[in-house]
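What follows is one structure encoded as structure tokens, with my remarks underneath.
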Amino acid sequence: MPRVSVVIPTYDRAETLPRAIDSALAQTIDDLEVVVVDDGSTDETPSVLADYDDPRVRPVVHATNQGANVARNTGIEHARGEYVAFLDSDDEWRPEKLEAQLAALEGRSEEWVGVYCDSTYELSGANDRLRGVAASALARSDDEPVREGGEELIGPILADEVQPGAGSTLLVRTDVAREIGGFDEELDRFQDPEFCLRVLKAGKLAYVDEPLVVREETGQPPAAVIRAASEQYLSIYEDEVERFEAEGYEIRAAHRLVVAKAYLSEGRLLRGLWYLRGAAASARQYPGLCWAAGSGVRRRPLPIVATIALVLGVLAVTAVERTAIVRRVLTE
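What follows is the structure, encoded as structure tokens:
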């Protein structure tokens with residue numbers, strides 16, 4: 378039995394899949410298997426998998442596309458390792474990723490059932506690098522949240538202060554992943570933190586403070602999908618939301634920020650500003666917020682200019698009316 382089963386769900390990502398598989402095979406531990414779940418791909422994915430002459434690579438094929446969560450759950454079913462680690466097919470791992478995570482669990486009690494690590498984005502353009510530097514600098518001004526433990530992690534995860542990112546950073550005991558029922562196949566978003574919240578019901582999570590995962594920034598679902606998924610996610614944990622907001626965590630406000638950024642990035646300025654009302658934005662989130670607004674302007678420049686002109690016009694009319702009222706009152 379291998380020590381770790383690496384589960385890679387993939388759909389029509391023949392171009393990036395080899396990088397993900399190769400980074401798993403290049404780990405500094407040898408006792409692993411790589412379960413690649415082809416979720417009904419229509420591109421060259423089958424050919425990519427056929428090129429791997431390595432007994433550690435185990436393809437599993439879905440006849441039709443069923444979604445990433447279903448594919449991850451298929452991988453959990455086929456996993457033979459003591460631990461299961463998830464890797465998205467457009468991300469890659471540093472060679473020492475699994476070794477560092479297993480070392481973090483050594484010597485701990487049985488109640489420590491998993492471990493996650495930090496991640497970084499592959500920033501190639503000058504603007505991307507500038508945004509990354511700004512976010513890193515501003516992050517130092519934030520209070521450092523709790524990053525490992527048990528129930529005390531629920532509040533920070535719900536408030537988006539801690540992002541375990543199960544899709545590529547988490548390593549967890551396989552029996553625990555099965556006992557909690559795998560990933561929620563009904564969620565279109567927030568499935569990673571939701572999975573980790575259920576892991577915390579089974580035990581504690583450790584943390585490796587190193588960016589051992591390199592993510593490729595990809596597109597996101599429509600803002601309306603993110604909004605609906607946020608509402609669904611928070612409704613599932615309504616009791617926990619009430620409890621941890623009473624302790625000072627800004628959970629709903631943090632989710633309003635996520636939705637606001639999604640609308641702003643689509644160029645839907647009024648919707649974005651509406652959700653910014655009551656949103657919680659820390660200093661480290663300003664670059665991302667500005668970037669989302671800038672992306673929206675580039676995507677829909679004319680509608681945004683028209684919206685700004687309309688808002689300014691309304692404000693101007695209101696100001697004139699108020700001035701006229703004041704003058705009439707003063708002359709009476």
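Residues 378 to 709, numbered by the working numbering, are exactly what the sequence shown covers, in order.
Backbone N, C-alpha and C fix where the C-beta goes; we use that ideal spot for every residue, glycine too.
Top-ranked residue by Cα proximity to residue i, from the options
| i | options | result |
| --- | --- | --- |
| R555 | V576, Q540 and V636 | V576 |
| A427 | E521, P395 and R524 | P395 |
| D586 | K638, V523 and H632 | V523 |
| Q478 | G655, D416, G644 and L589 | L589 |
| Y626 | M378, A403 and V539 | V539 |
| E617 | A536, Y652 and A579 | A536 |
| L464 | Y429, N442, E421 and V549 | V549 |
| V345 | L564, H455 and L611 | There is simply no residue 345 to check, as the chain begins at 378 and stops at 709 in what is shown. |
| R457 | S424, V381 and D407 | V381 |
Burial state of residue i, where buried means 16 or more other Cβ atoms lie within 10 Å
| i | result |
| --- | --- |
| D399 | exposed |
| L530 | buried |
| R604 | buried |
| P432 | exposed |
| L707 | Legend: pLDDT at L707 = 36, less than 50; position of this residue unreliable, no value from coordinates given. |
| E643 | buried |
Simplified DSSP state of residue i, which is helix, strand or coil
| i | result |
| --- | --- |
| R435 | strand |
| A631 | helix |
| T451 | helix |
| T546 | coil |
| L464 | coil |
| P395 | helix |
| V618 | helix |
| A583 | strand |
| D505 | Confidence in D505 is poor, its pLDDT being 48 and thus under 50, which makes the residue's placement too unreliable to answer from. |
| G532 | helix |
| G444 | coil |
| G484 | coil |
| A401 | helix |
| G526 | strand |
| Y626 | coil |
| G649 | helix |
| I557 | coil |
Bridge-paired residues (DSSP) for residue i
| i | result |
| --- | --- |
| T387 | D415 |
| V381 | L409 and Y460 |
| R723 | Residue 723 lies beyond the range of the chain shown here (378 to 709); nothing can be said about it. |
| E469 | V591 |
| G491 | V549 and L582 |
Answer yes if the segment 555-565 comes into contact with the segment 446-454, meaning at least three C-beta pairs across the two stretches below 8 Å, and no otherwise. Verdict: yes, contact present.
query = Counting Cβ pairs closer than 8 Å, one from the segment 470-485 and one from the segment 411-419, do we hit at least three?
reply = no
Item checked: Given 8 Å, three or more beta-carbon pairs between the segment 599-606 and the segment 638-650 -> yes
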